[in-house]
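Here's the structure we're looking at; comments come further down.
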Amino acid sequence: MTYRCSNCGENARRARTNYLFRESGLSNVVLKNIEIIKCAHCGNQDPIIHRMADVMRQIAQALVEKPFALMGEEIRFLRKYLGMSGVAFAGLLHADKTVLSRWENNQVGVGSKSDLLIRAIACNLGSGLRSEAERVVRKFPEIDESDQKVVRIEIHDATFAYA
């Protein structure tokens, strides 16, 4: 089968590799051993992602279970995963939309109580996460509130792992 590059239109080939999933809005998600369409001419790579909803749920689950404070792009991902506007999400948090925007853009760190509330809201409203809510909430005392670390999330065969 012949493939065309979505960027330059040249011939491309199908390959299997690890893929940094920047389209998620996160800088730390790697899809392991997935198929891509790779262009030798311009270097473009287009992932072939099966069961996208499952992948997004796994990312959301990894974020709510993350043992460190949430970072701005992670808060934005969870809000978008819930399909909520900034105004609506800020309303659930009893925060001003400008405060939420500052959190999402890393202009100011999110407080520890707001971090926990964001996780709890995501667990309760997020598609496919409710069954994990109790387990996630019971892990809240283990979260290192003093540290915002980027934790690499790897998704492979319907499971995620931190790297």
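Using the numbering used here, the first residue of the sequence shown is number 366, and each one after it goes up by one.
Heads up, the beta-carbon is just placed ideally off N, CA and C, and yes, glycines get one too.
Just so it is clear, the structure is predicted and the values come from calculations on it, not from any experiment.
Hey, could you find the ends of the beta strand (DSSP E) residue i is sitting in?
{"i": "residue 501", "result": "That residue, residue 501, is in no beta strand (DSSP E); its alpha helix (DSSP H) goes 498 to 503."}
Report the three-state DSSP secondary structure of residue i (helix, strand or coil).
{"i": "residue 367", "result": "coil"}
{"i": "residue 410", "result": "strand"}
{"i": "residue 444", "result": "helix"}
{"i": "residue 509", "result": "strand"}
{"i": "residue 376", "result": "strand"}
{"i": "residue 416", "result": "coil"}
{"i": "residue 426", "result": "helix"}
Alpha helix (DSSP H) containing residue i: first to last residue?
{"i": "residue 469", "result": "462 to 469"}
{"i": "residue 456", "result": "451 to 458"}
{"i": "residue 484", "result": "477 to 490"}
Just grab the DSSP bridge partners of residue i for me.
{"i": "residue 385", "result": "395"}
{"i": "residue 403", "result": "378, 410"}
{"i": "residue 433", "result": "509"}
Let me know if residue i comes out buried or exposed under the rule of 16 or more other beta-carbons within 10 Å of its beta-carbon.
{"i": "residue 487", "result": "buried"}
{"i": "residue 404", "result": "buried"}
{"i": "residue 514", "result": "exposed"}
{"i": "residue 393", "result": "buried"}
{"i": "residue 378", "result": "exposed"}
{"i": "residue 422", "result": "buried"}
{"i": "residue 370", "result": "buried"}
{"i": "residue 366", "result": "exposed"}
Query raised in the report: Is it true that the region 475 to 490 meets the region 377 to 389, where meeting means three or more beta-carbon pairs spaced less than 8 angstroms apart?
Result: no
Query - Three-pair Cβ contact test at 8 angstroms for the region 465 to 473 versus the region 437 to 448 - result: yes
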